[in-house]
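J.: Below is a structure I'd like to ask you about.
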Amino acid sequence: MTAQQMSSFASHDTGTLYLVPTPIGNLDDMTFRAVKTLKTVDLIAAEDTRNTQKLLNHFEIETKQISFHEHNTQARIPELLARLEQGESIAQVSDAGMPSISDPGKELVKAAIEAGIPVVPLPGANAALTALIASGIEPQPFMFYGFLPRKASEQKAALTALAEEPQAVIFYESPYRVAKTLTTIRDIFGERQAVLARELTKKFEEFIRGSLSELIDYASAGARGEFVIIVAPGEKKAKAPSDVPVATQVQTRIDAGARPNDAIKAVAKENGLKRQQVYNAFHGIQEES
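Taking full-length UniProt numbering, the leading residue of the sequence shown gets 1, the next gets one more, and so forth.
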């Protein structure tokens, strides 16, 4: 497979798919470019046309809309692609924030790319990053997960896989499940520092910082609003020493194709030993007391 190159701003025979972020609360966060794009495209593909119409009315945008949400994605894509291929430009928006980020969008983007149609992303509001930079938790590296599965067994499996990740993890959650979700996170991750960000960019924006247990107490009291949960990385745990002699561990790696020096270095790191100790053990060199 060869790499596919496409300049978003080069001349082309098709229309363009614009990915336009919308405010996550405060309408003043709408960018000039976003307003201009929504005014000049031929069509707006909206997650909820009723919700988007309020935004369009506020900015005096008269562009026509078409619904594009998780329940009609497959039926809509051929229609939208046909219009793009005929030269129309389409702006895709979700109810709030970035299209595709915990919202519809990725399927249309993939289909447009496969059809050779330019895709132009606009920068703008995003709840996860907005919360992260004000959280007080080390922002790099981080992992954005979004909404966890609702089914208890699937949620626990997802969290178990994330428990050892050496970075902050960002989740989205509704007010109806936030206390239960925080409890499950604590049960699997253990006690950690975390942050709840609620009603971002709105009048009652709030950050609640503390341990997971403290956040559970807060959420259990009847929290309102849409939440971003940011969980700090766990402390690195020292590995339990292996019952297998280090000389045997080195030989096993060598038998698998590793070079002796690389095998010695890896075993030393895994066992929390100095390289010279492992070298001496492997070569049967008696250490001086």
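Glycine included, every Cβ here is placed at the ideal spot set by N, Cα and C.
Compute the Euclidean distance between the alpha carbons of I216 and T183, then round it to the nearest angstrom.
T.: As a working mapping, residue 216 is identified with position 216 in the sequence shown. As a working mapping, residue 183 is identified with position 183 in the sequence shown. Roughly 7 Å separates the two Cα atoms.
J.: Is the CB-CB distance between G97 and P21 below 8 Å?
T.: The residue you call residue 97 lines up with position 97 of the sequence shown. The residue you call residue 21 lines up with position 21 of the sequence shown. Result yes, Cβ atoms of G97 and P21 sit closer than 8 Å.
J.: Is L17 buried or exposed, if buried means 16 or more other CB atoms sit within 10 Å of its CB?
T.: To locate residue 17, count along the sequence shown from 1; it is residue 17. So L17 counts as buried.
J.: So what's S153 in DSSP terms, helix, strand or just coil?
T.: Locating residue 153 in the sequence shown gives position 153, where the first residue counts as 1. S153 falls in the helix class under three-state DSSP.
J.: Using the three-state DSSP reduction, which class does F68 fall into: helix, strand or coil?
T.: As a position in the sequence shown, residue 68 is number 68, starting the count at 1. The answer is coil: DSSP assigns F68 none of H, G, I, E or B.
J.: For L17, which beta-bridge partners are listed by DSSP?
T.: In the sequence shown, residue 17 corresponds to position 17, counting from 1. Bridge partners of L17: I90 and V119.
J.: At a cut of 8 Å, does the segment 118-130 reach the segment 24-36 through at least three beta carbon pairs?
T.: They touch, by the three-pair rule.
J.: Which runs of the alpha helix (DSSP H) fall wholly inside the segment 15-55 and span at least 4 residues, in chain order?
T.: Entirely contained in the segment 15-55, the alpha helix (DSSP H) runs reaching 4 residues are, in chain order, 32-40.
J.: With a threshold of 8 Å on Cβ separation, who are the neighbours of E147 within its own chain once the five nearest residues in sequence on each side are excluded?
T.: Within the sequence shown, residue 147 is the residue found at index 147, counting from 1. This sequence places Phe at residue 147; Glu is not what is there. Correct list, in chain order: S102, F171, Y172 and E173.
J.: Using DSSP's beta-bridge definition, name the partner residues of F142.
T.: In the sequence shown, counting from the first residue as 1, residue 142 sits at position 142. Paired residue(s): A168.
J.: Based on the DSSP secondary-structure assignment, which residues constitute the bridge partners of Q193?
T.: On the sequence shown, position 193 is the one that residue 193 refers to. In DSSP, Q193 forms a bridge with S211.
J.: Take the Cβ of residue 301 as the centre, count every other Cβ of all protein chains shown within 10 Å, and call the residue buried at 16 or more, exposed below.
T.: No statement about residue 301 is possible, as the shown extent of the chain runs from 1 to 289 and does not include it.
J.: Does DSSP put M1 in a helix, a strand or coil?
T.: The residue labelled residue 1 in the question sits at position 1 within the sequence shown. Low confidence applies here, because M1 scores a pLDDT of 42, under 50, leaving its location unreliable and the question unanswered by this model.
J.: Can you give the Cα-Cα distance for A232 and L132, rounded to whole angstroms?
T.: Counting from one through the sequence shown, the residue named residue 232 turns up at place 232. Counting from one through the sequence shown, the residue named residue 132 turns up at place 132. Between A232 and L132, the C-alpha separation is close to 11 Å.
J.: Tell me, please, which residues DSSP counts as bridged to V228.
T.: On the sequence shown, position 228 is the one that residue 228 refers to. In the DSSP output, where bridge partners are listed per residue, V228 has Y172 and A197.
J.: Where does E107 sit, in a helix, a strand or coil, going by DSSP?
T.: As a first step, residue 107 must be located in the sequence shown, where it is residue number 107. Note: E107 maps to helix in three-state DSSP.
J.: Looking only at its chain, what residues have a beta carbon closer than 6 Å to the beta carbon of G190, apart from the 5 residues adjacent to it on each side?
T.: If you number the sequence shown from 1, residue 190 lands on position 190. The answer is none, since no qualifying residue turns up.
J.: Give me, in chain order, the residues of the same chain whose beta-carbon lies closer than 7 Å to that of M1; leave out the 5 immediate sequence neighbours on both sides.
T.: Start at 1 with the first residue of the sequence shown, and residue 1 comes out as number 1. Per-residue confidence for M1 stands at a pLDDT of 42, beneath the threshold of 50, marking its modelled position as unreliable; the derived number appears in the next sentence. Excluding residues within five positions, none has a Cβ falling inside 7 Å.
J.: Where does Y176 land, buried or exposed, given buried means 16+ other C-beta within 10 angstroms?
T.: Here residue 176 refers to the residue found at position 176 of the sequence shown. Counting Cβ neighbours within 10 Å, Y176 comes out exposed, since fewer than 16 surround it.
J.: Would you tell me roughly how many angstroms separate the C-alpha atoms of I113 and A75, rounded to the nearest one?
T.: Within the sequence shown, the letter at position 113 stands for residue 113. Within the sequence shown, the letter at position 75 stands for residue 75. In a straight line, the C-alpha of I113 is about 18 Å away from that of A75.
J.: Considering only the beta carbon of each residue, do I208 and L196 sit closer than 8 Å?
T.: As a first step, residue 208 must be located in the sequence shown, where it is residue number 208. As a first step, residue 196 must be located in the sequence shown, where it is residue number 196. In contact: I208 and L196 (Cβ atoms closer than 8 Å).
J.: Taking the alpha-carbon of R83 as reference, which of D42, K64, T49 and P104 has the nearest alpha-carbon?
T.: Here residue 83 is taken as the residue at index 83 of the sequence shown, counted from 1. When each option's Cα is compared against that of R83, the closest is D42.
J.: Can you give me the Cβ contacts of Y279 inside the same chain, cut-off strictly under 7 Å, excluding the 5 residues immediately before and after it?
T.: As a position in the sequence shown, residue 279 is number 279, starting the count at 1. I264.
J.: In terms of residue numbering, what span does the alpha helix (DSSP H) encompassing E85 cover?
T.: Residue numbering aside, residue 85 sits at position 85 when the sequence shown is read from its first letter. It spans T73 to E85 - the alpha helix (DSSP H) in which E85 sits, taken as one unbroken run.
J.: Identify which residue in R198, Q167 and K202 has its Cα closest to the Cα of D28.
T.: Position 28 of the sequence shown, counted from the first residue, corresponds to residue 28. The shortest C-alpha separation from D28 is found at K202.
J.: Would DSSP call F204 helix, strand or coil?
T.: Looking up residue 204 in the sequence shown gives position 204. Coil, per DSSP.
J.: Go through its chain and collect everything with a Cβ distance to K39's Cβ below 6 Å, but skip five positions before and after it.
T.: Counting from 1 along the sequence shown, the entry for residue 39 is found at position 39. Cβ neighbours of K39 beyond the five flanking positions: I61.
J.: Can you tell me whether F147 is helix, strand or coil according to DSSP?
T.: Looking up residue 147 in the sequence shown gives position 147. Looking at F147 - three-state DSSP - the assignment turns out to be strand.
J.: Taking the CB atoms as reference points, tell me whether A161 and P149 lie closer together than 8 Å.
T.: What you label residue 161 is simply residue 161 of the sequence shown in a count that begins at 1. What you label residue 149 is simply residue 149 of the sequence shown in a count that begins at 1. It is not a contact, given that the beta carbons lie outside the stated cut-off.
J.: Rounded to whole angstroms, what's the CA-CA distance from A266 to R186? Just pull it up for me.
T.: Within the sequence shown, numbered from 1, the residue matching residue 266 stands at position 266. Within the sequence shown, numbered from 1, the residue matching residue 186 stands at position 186. Computed Cα separation, rounded: 32 Å.
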